[in-house]
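Here is the structure we will look at.
2 protein chains.
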Amino acid sequence: MKTHSTQTPDAATANVPDDAAKPKAAATDRTFAILELVASASGPLAVKTIGTTLGLPKPTAHRLVNGLIDKGLLARDLETRDVIIGVEAARLAVGILRASLSRAPVRSVLRAVSAELGETCNVGVLDGGDVVYLDRVEVEHWPLRLQFGVGSRVPMHCTAMGKLFLATLPDGMRSRLLASGPFSAQTAHTLTDPDALAAELERIAARGYSLDDEEYVVGVFCVAVPILSSTGRTVAAIAVQAPKVRLSHDRVEQVLPILRRGAEALSAQFG
Amino acid sequence: MKTHSTQTPDAATANVPDDAAKPKAAATDRTFAILELVASASGPLAVKTIGTTLGLPKPTAHRLVNGLIDKGLLARDLETRDVIIGVEAARLAVGILRASLSRAPVRSVLRAVSAELGETCNVGVLDGGDVVYLDRVEVEHWPLRLQFGVGSRVPMHCTAMGKLFLATLPDGMRSRLLASGPFSAQTAHTLTDPDALAAELERIAARGYSLDDEEYVVGVFCVAVPILSSTGRTVAAIAVQAPKVRLSHDRVEQVLPILRRGAEALSAQFG
DNA sequence: TTCAGCGTCTCATTGAGTGAGACGTGACGC
DNA sequence: GCGTCACGTCTCACTCAATGAGACGCTGAA
Chain F
1 MKTHSTQTPD AATANVPDDA AKPKAAATDR TFAILELVAS ASGPLAVKTI
51 GTTLGLPKPT AHRLVNGLID KGLLARDLET RDVIIGVEAA RLAVGILRAS
101 LSRAPVRSVL RAVSAELGET CNVGVLDGGD VVYLDRVEVE HWPLRLQFGV
151 GSRVPMHCTA MGKLFLATLP DGMRSRLLAS GPFSAQTAHT LTDPDALAAE
201 LERIAARGYS LDDEEYVVGV FCVAVPILSS TGRTVAAIAV QAPKVRLSHD
251 RVEQVLPILR RGAEALSAQF G
Chain X
1 MKTHSTQTPD AATANVPDDA AKPKAAATDR TFAILELVAS ASGPLAVKTI
51 GTTLGLPKPT AHRLVNGLID KGLLARDLET RDVIIGVEAA RLAVGILRAS
101 LSRAPVRSVL RAVSAELGET CNVGVLDGGD VVYLDRVEVE HWPLRLQFGV
151 GSRVPMHCTA MGKLFLATLP DGMRSRLLAS GPFSAQTAHT LTDPDALAAE
201 LERIAARGYS LDDEEYVVGV FCVAVPILSS TGRTVAAIAV QAPKVRLSHD
251 RVEQVLPILR RGAEALSAQF G
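In C-alpha cells, the structure reads:
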C-alpha cells in the first residue's frame with residue numbers, strides 16, 4: 001500500500017532540526033480547510049480571520065478564498081465583505097448526504113424502520129428554507145406516493161419534518177424564517193398564522209417530535225423525530241407518513257420508539 | 001446543472017486571441033469535480049469511470065482520488081474497490097447545510113415571489129461595477145433559462161437591476177461610473193449613449209422601479225425593485241425576468257406589488 | 001497459457017501555487 | 001479635515017508539488 005512515503009522529505013541526513021510543524025502546503029488541503037472552517041463557523045468570517053486561523057499568508061488566503069467564491073462554493077456577505085457558504089456548496093452538501101445515506105448499512109436502518117412500522121419512511125434535511133428528502137423507503141403502492149421522491153423539496157411550515165427543523169432552530173434564525181414570508185395554505189389544516197405556527201413549534205420543541213395532521217396533503221398524517229449529531233444538534237430527521245386511516249394521533253405513542261431507534265442508528269452517519 | 005458560468009471573460013491579461021484552447025487544469029478544480037461526481041452518482045464509482053468521465057489521465061485520477069480518501073472525504077467499498085462518499089464528507093456536508101441556513105430566509109422569499117409570479121426571480125447586489133446574482137429561483141418550463149446562474153455577473157448599464165443600482169447611487173459615484181464607459185451594445189435596444197442612459201436613470205429614480213426591455217438579451221423583459229436597508233439605502237434588488245411574450249410593459253403594474261412585497265420582506269432581514 | 005483491463009510506480013518536465021513586499025483604500029479617532 | 005491603521009489587492013521571481021506518458025504487476029476470464 002505505502003501511503004505515499006513522502007511523509008517527510010529526506011528525513012535521512014537530516015542535520016537540521018526538522019520542524020514538525022512544517023507540513024507540505026498542498027493547495028487542495030488548504031482549500032478544503034477553508035471550506036470546512038467556513039462551514040463550521042458560527043457566522044460570516046473575515047478573510048483575515050481565515051488566514052490567521054489556518055496560518056495562511058495574506059495573499060494566499062485571498063487567492064484561495066476567491067477561488068472558492070468563483071466556484072460558488074463560498075460567497076460574500078452583502079454588507080460586510082465577509083465570507084459565507086455559497087449556494088453551490090449547499091447543492092454539493094445535499095448530494096453528499098444523499099450519497100452517504102445510500103450506503104448499505106445505513107440503508108438497512110431505514111428499511112427496518114419502514115418494515116417495522118409497515119409504512120413509508122423518509123430521511124430529510126433542511127436546505128435553503130425547505131426540506132429535502134435524502135432517502136425514502138416505500139412500503140406500498142398507494143396512490144398518493146411518489147409525488148415526493150428522493151431529492152424533492154417540501155415546505156417547512158406544513159410538514160412534520162419542516163416544523164421539527166423550525167422548532168429546533170436557534171431563536172434568531174427561526175424568527176427570521178418566520179418573518180420571511182406568507183405561508184401558503186396547502187390544505188384547510190395548514191397553519192398559516194405566524195402566531196399559531198409559533199405556538200405549534202413550542203409544543204414540538206417541548207415534546208421532541210413533530211406531527212403533520214393533513215397540513216400538507218389531505219388525508220395524510222406524518223410523525224417526525226430528529227436525528228441528532230454527536231453534539232446534540234438536529235441535523236436531519238426521520239419521518240413516517242401514511243394515510244390517516246392507518247396512522248393518526250392514537251398511534252403516535254406506538255410509532256415513536258421505533259422512529260427514535262432509527263434516528264439513533266442514523267445519527268452516527270452525520271458526525 | 002453546474003452553472004460554471006464564471007469563466008471570467010475579462011480578457012484583461014489576454015495576450016493574443018490565438019489561444020482558443022483553455023488547458024486550464026487546476027488540481028483543486030478537478031478534486032472538487034471528483035467529489036461532486038461521486039456525490040451525485042447513484043452508486044459506487046470505479047476510479048476508471050471517474051477518470052474517463054472527467055477526462056483525467058489514469059495516474060492523475062488515482063492520485064486525486066487517493067488524496068480524497070486520505071482526507072476521509074471519499075472511501076472505498078469494501079468488496080469492490082469502488083469509490084463512495086466518506087464520513088468526513090458527511091460531516092462537512094452537515095456543517096455546510098447548517099452554515100447555509102443564513103441564506104434560507106432570502107431563498108424562501110424569493111421562492112414565494114417566484115411562485116406567485118410564475119417566473120424566474122433573482123436577488124442581486126452591486127459589486128465592483130457589475131451586478132452579481134446572489135440567489136435565484138428558476139421556473140423550469142422555459143428553454144432559454146439559466147444563462148445567468150448564481151454568482152454570475154452582468155453589466156450595469158443594460159440590465160434592470162444594474163440601472164436600478166445606478167439610479168440610486170450617490171451622484172458622485174454615479175457620474176464616475178457613467179464616465180467609466182464605453183457601454184457595449186448588447187442588443188439593438190441597449191442604451192449606449194450616456195445622455196440617454198442618464199435620462200433613463202432619472203425616470204427610474206423617480207418611479208422607484210426599473211425595466212429592461214430587451215436591452216441585454218433579445219426577447220427578455222425584466223422588472224426590478226430595490227431592497228432597502230433600515231437606513232433607506234438600496235443594498236440589493238429583486239427582479240423578475242421572463243420572455244417578452246409573457247412579461248412586458250402591460251404586466252408591469254401587475255407584478256410590481258408582488259415584487260415590492262418580496263423586497264419588503266427581504267428588507268426586514270437586514271434590520 | 002494468453003490476453004485484457006485495471007491499479008501502481010517511476011521520473012523528467014513544467015507551470016501552478018506561493019508569499020514577501022509594495023501599493024490602494026476605506027474606516028475610524030482625534 | 002488629517003494622520004493612522006488595518007485589510008484587501010497587485011506584482012513577480014522562485015520553486016516545489018502536480019503532472020502524465022510509459023513501464024510494470026496483478027487478477028480474473030477465455
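If you read the sequences in order, they're chains F and X.
Counting along the first sequence from 1, when you hit position 138 you're at 138 in our numbering, and nothing is skipped either side.
Counting along the second sequence from 1, when you hit position 48 you're at 48 in our numbering, and nothing is skipped either side.
For glycine and all other residues, C-beta sits at the position ideal for the given N, C-alpha and C.
What you are looking at is a predicted structure, and each value in this text was computed from that prediction instead of being measured.
Item: When the Cα atoms are used, what is the spatial distance from S108 of chain X to A185 of chain F?; Value: 15 Å
Item: Does any residue of chain X bring its CB to less than 9 Å from the CB of M161 of chain F?; Value: no
Item: For G51 of chain F, which of F:L126, F:L45, F:A61 has the nearest alpha-carbon?; Value: F:A61
Item: Within the continuous alpha helix (DSSP H) that includes F148 of chain F, where are the two ends?; Value: Per DSSP, F148 of chain F belongs to no alpha helix (DSSP H) and is neither H nor E.
Item: Could you give the DSSP three-state label for V255 of chain X: helix, strand or coil?; Value: helix
Item: Identify the residues that DSSP records as bridge partners of L228 of chain X: which are they?; Value: X:T234
Item: Is it the case that the segment 155-162 of chain F contacts the segment 207-219 of chain F, given that we only count it when at least three CB pairs across the two stretches are under 8 Å?; Value: yes
Item: Could you work out which residues of chain F lie near V79 of chain X, taking near to mean beta carbons separated by less than 8 Å?; Value: Reading the sequence as shown, one finds Glu at residue 79 of chain X and not Val. Result: empty, since nearest Cβ-Cβ is about 10 Å, beyond 8 Å.
Item: Please list the partners that K71 of chain X has in chain F, where partner means a Cβ-to-Cβ separation under 8 Å.; Value: D29, F32
Item: So with Cβ pairs under 9 Å, would you call S108 of chain X a contact of chain F?; Value: yes
Item: Which residues mark the beginning and the end of the beta strand (DSSP E) in which S108 of chain X is found?; Value: Premise fails: S108 of chain X lies in the alpha helix (DSSP H), 104-117, not in any beta strand (DSSP E).
Item: So that I know if they touch, is there some Cβ in chain X lying closer than 9 Å to that of V255 of chain F?; Value: no
Item: Using a C-beta to C-beta distance shorter than 8 Å, which residues of chain X count as neighbours of S40 of chain F?; Value: G95, A99
Item: Could you compute how far the alpha carbon of I258 of chain X sits from the alpha carbon of S114 of chain X?; Value: 9 Å
Item: If you pair each beta-carbon of the segment 236-248 of chain F with each one of the segment 192-208 of chain F, do three or more pairs fall below 8 Å?; Value: no
Item: Expressed to the nearest angstrom, what Euclidean distance is found between the alpha-carbon atoms of D29 of chain F and G67 of chain F?; Value: 14 Å
Item: Could you give the distance in angstroms between the alpha-carbon of V218 of chain X and the alpha-carbon of T187 of chain F?; Value: 41 Å
Item: List, in chain order, every chain F residue whose beta-carbon is nearer than 7 Å to that of V150 of chain X.; Value: G72, V87
Item: For A39 of chain X, which of F:L101, F:S229, F:A236 has the nearest alpha-carbon?; Value: F:L101
Item: Does the distance from the CB of L64 of chain X to the CB of E88 of chain X come in under 9 Å?; Value: no
Item: What are the residues that DSSP puts in a beta bridge with R136 of chain F?; Value: F:N122
Item: For chain F, check one thing: does any of its Cβ atoms lie closer than 9 Å to the Cβ of S229 of chain X?; Value: yes
Item: Alpha carbons only, please: which of X:V223, X:T234, X:R260, X:T231 is nearest the one belonging to T120 of chain X?; Value: X:V223
Item: Quick one: Cα of G150 of chain X to Cα of V106 of chain X, how far?; Value: Before going on, a small fix: residue 150 of chain X reads as Val here, not Gly. Using only the alpha carbons, I get a separation of about 13 Å.
Item: Can you check whether the CB of L97 of chain F is closer than 9 Å to the CB of A93 of chain X?; Value: yes
Item: If we count the other Cβ atoms within 10 Å of its Cβ and call it buried at 16 or more, is S230 of chain X buried or exposed?; Value: exposed
Item: Just the Cα atoms here: how many angstroms apart are L56 of chain X and R246 of chain F?; Value: 53 Å
Item: Where do the ends of the beta strand (DSSP E) carrying L74 of chain X lie?; Value: 74-76
Item: Here's the rule: buried if 16 or more other CB atoms are within 10 angstroms of the residue's CB, otherwise exposed. What is L164 of chain F?; Value: buried
Item: Quick check: what's the CA-CA separation for L178 of chain X versus R251 of chain X?; Value: 30 Å
Item: Cβ atoms of V154 of chain X and L110 of chain X: under 9 Å apart, would you say?; Value: no
Item: With a CB to CB cut of under 8 Å and the five nearest residues on each side skipped, what residues in its chain are close to V83 of chain F?; Value: V38, P44, L45, A46, V47, I50, V65, I69, L74, A75, R76, D77
Item: Which residue from X:A205, X:E215, X:R103 puts its Cα closest to that of D171 of chain X?; Value: X:A205
Item: Just mark G232 of chain X as buried or exposed, buried being the case when its beta carbon has 16 or more other beta carbons within 10 Å.; Value: exposed
Item: Taking DSSP as the reference, what is the three-state secondary structure of D193 of chain X?; Value: coil
Item: Which residue's Cα is closest to the Cα of M173 of chain X: X:G129, X:E79, X:L134, X:D195?; Value: X:G129
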